[in-house]
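Student: Using this note's numbering, read the sequence shown as starting at 856 and increasing by one per residue. Cβ coordinates follow ideal geometry from the N, Cα and C atoms, glycine included.
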Amino acid sequence: MSDGAVLHVKGHVLAGPDDVRDELWVVGGRISYDRPAGARDVRTVTGWALPGLVDAHCHVGLDAHGPVDAETAEKQALTDRDAGTLLVRDAGSPSDTRWIDDRADLPKIIRAGRHIARTRRYIRNYAWEIEPDDLVAYVAQEARRGDGWVKLVGDWIDRDLGDLAPCWPREAVEAAIAEAHRLGARVTAHCFAESSLRDLVEAGIDCVEHATGLSEELIPLFAERGVAIVPTLVNIATFPRLAEGGERKFPRWSAHMRRLHERRYDTVRGAYDAGIPVYVGTDAGGSLAHGLVAEEVAELVAAGIPPLAALSATTWGARAWLGRPGLDEGAPADLVVYEADPRADVRVLAAPRRVVLNGRVVG
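#1: Mind listing, in chain order, the continuous alpha helix (DSSP H) runs of no fewer than 4 residues lying wholly within the stretch 1025 to 1091?
#2: Across the stretch 1141 to 1161 and the stretch 964 to 977, are there enough close Cβ pairs to call them in contact, namely three or more that are closer than 8 Å?
#3: Can you grab the Cα-Cα spacing for the pair Ala-946 / Gly-866, in whole Å?
#4: Hey, could you find the ends of the beta strand (DSSP E) His-867 is sitting in?
#5: Whose C-beta lies closer than 7 Å to the C-beta of Pro-1086 among residues of the same chain, with five residues either side of it excluded?
#6: Less than 9 Å separating the beta-carbons of Ala-1222 and His-1145?
#7: Identify which residue in Glu-1034, Val-1135, Glu-1184 has its Cα closest to the Cα of Ala-1165.
#8: Alpha carbon to alpha carbon, what distance is there between Arg-1000 and Trp-954?
#9: Under 9 Å, do Phe-1077 and Ile-1131 count as touching if we go by C-beta distance?
#10: Which residue or residues does DSSP assign as beta-bridge partners of Glu-984?
#11: How would you label Val-1148, buried or exposed, when you count the other beta carbons within 10 angstroms and need 16 or more for buried?
#12: How many whole angstroms separate the CB atoms of Ala-1175 and Arg-885, which I take to be in contact at a CB cut-off of 8 Å?
#13: Please report the straight-line C-alpha distance between Leu-1038 and Arg-1080, rounded to a whole angstrom.
#14: When you compare each of Leu-908, Asp-873, Val-875, Asp-896 to Arg-1209 by their alpha carbons, which one comes out closest?
#15: Figure out for me which residue from Asp-1018, Thr-1043, Tyr-993, Asp-1015 has the closest Cα to the Cα of Gly-1009.
#16: Are the Cβ atoms of Gly-1003 and Arg-1041 separated by less than 9 Å?
#17: Which whole-angstrom value is the C-beta distance of Ala-1126 and Val-1201, which I expect to be below 8 Å?
Here is the structure:
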């Protein structure tokens, strides 16, 4: 498409869960619901259009060993884009990916800075590894570097204990979260187990990643405080393999990981039923491939979340939560077009017909 071209999207434009329109126009890279006068160079795309999908837990610029070079990060971002993910909340990365913001052909990224972990209590080369006395200072640093989010590692294996255990004392997370909020940033935390959750939620955390330790006892607290969860079920599917690998050295940890995996669907369904906000995240990067957003939506449905709610968790609802527009008048034209209605079958998300980013058809 030339710079003066107009894109016409027609058929079924899903501007909201129940807001279906016949068409939209893209002029100058932005959405309009009014036909532009005198448009000549018009390209038409037909199908079912959704706002660009959201992966609310993704790591661009990271692999299993740590930060990657720009070429690898670009391939990761392109893989996500071609799967329909046009907005990423990067939930912790040691790489500087600000250069992506200058690329109109790559997904938009909301960064949480670099992970903040306890010394020797996380994956090597990923995080700032510090002690509790330094937590407030590092949270302030990452709040200033990020795009409105900070990422803590809330729990990890304690090798002396042989099991998952909290990384931070209660007073440290209270002070750290208060500092992030003072600086205008929200805080999320990696949490597999049960034991760190109450302290984090009562300290004012905004979101919990994975949340496999969410119990019937804790669900009302999450719901009361409005704490969101991003379950990353495609990542939780790896727990049995991880448990098998650690069985000999850490049998208690292995058994715990298997229990968390076995109840994963019940945990997510219980959270949703209680009114806890649930969003789509794949945990791509690290050891997981990029481009898995459709699989994660399907996993939420398998857990018992209604298809329309699972779809909202990667479209309208997720964008509202992150403060980014959907298919609104005047918004950047970031959208994905499908052959069939994804509300009827979320598996449609696995096969985008067209991907439109900043008003240009890129896939």
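Tutor: Taking the definition as stated:
#1: Complete alpha helix (DSSP H) runs here, min 4: 1025 to 1037, 1052 to 1057, 1074 to 1080, 1088 to 1091.
#2: With the cut-off at 8 Å, the stretch 1141 to 1161 and the stretch 964 to 977 do not touch.
#3: As a working mapping, residue 946 is identified with position 91 in the sequence shown. As a working mapping, residue 866 is identified with position 11 in the sequence shown. Each residue's CA atom was taken as its position, placing Ala-946 and Gly-866 some 35 Å apart.
#4: Working through the sequence shown from its first residue, we reach residue 867 at position 12. His-867: member of the beta strand (DSSP E) spanning 861 to 871, first to last residue.
#5: Start at 1 with the first residue of the sequence shown, and residue 1086 comes out as number 231. Taken in chain order, the residues that qualify are His-1065, Ala-1066, Val-1123, Val-1133.
#6: Residue 1222 is absent from the model: the chain starts at 856 and stops at 1218.
#7: Looking up residue 1165 in the sequence shown gives position 310. Among Glu-1034, Val-1135, Glu-1184, the Cα nearest to that of Ala-1165 belongs to Val-1135.
#8: Along the sequence shown, read from residue 1 onward, the residue named residue 954 stands at position 99. Along the sequence shown, read from residue 1 onward, the residue named residue 1000 stands at position 145. Those two C-alpha atoms are separated by around 14 Å.
#9: Here residue 1077 corresponds to residue number 222 of the sequence shown, with the count starting at 1. Here residue 1131 corresponds to residue number 276 of the sequence shown, with the count starting at 1. Yes, these two residues count as a Cβ contact at 9 Å.
#10: Position 129 of the sequence shown holds residue 984. Paired residues: Ala-972.
#11: Counting from 1 along the sequence shown, the entry for residue 1148 is found at position 293. Under this definition Val-1148 is a buried residue.
#12: Sequence index remark: in the sequence shown, residue 1175 carries index 320 (1-based). Sequence index remark: in the sequence shown, residue 885 carries index 30 (1-based). Contact doesn't hold; Cβ gap of about 19 Å is too wide.
#13: As a working note, residue 1038 is residue 183 in the sequence shown. As a working note, residue 1080 is residue 225 in the sequence shown. Cα-Cα distance, rounded: 20 Å.
#14: Looking up residue 1209 in the sequence shown gives position 354. Ranked by Cα distance from Arg-1209, the options Leu-908, Asp-873, Val-875, Asp-896 are led by Leu-908.
#15: Start at 1 with the first residue of the sequence shown, and residue 1009 comes out as number 154. Closest in alpha carbon position to Gly-1009, among Asp-1018, Thr-1043, Tyr-993, Asp-1015, is Thr-1043.
#16: Looking up residue 1003 in the sequence shown gives position 148. Looking up residue 1041 in the sequence shown gives position 186. A contact, by the Cβ cut-off of 9 Å.
#17: For this step, residue 1126 is matched to residue 271 along the sequence shown. For this step, residue 1201 is matched to residue 346 along the sequence shown. In fact, because the Cβ distance is near 19 Å, the residues do not count as touching under 8 Å.
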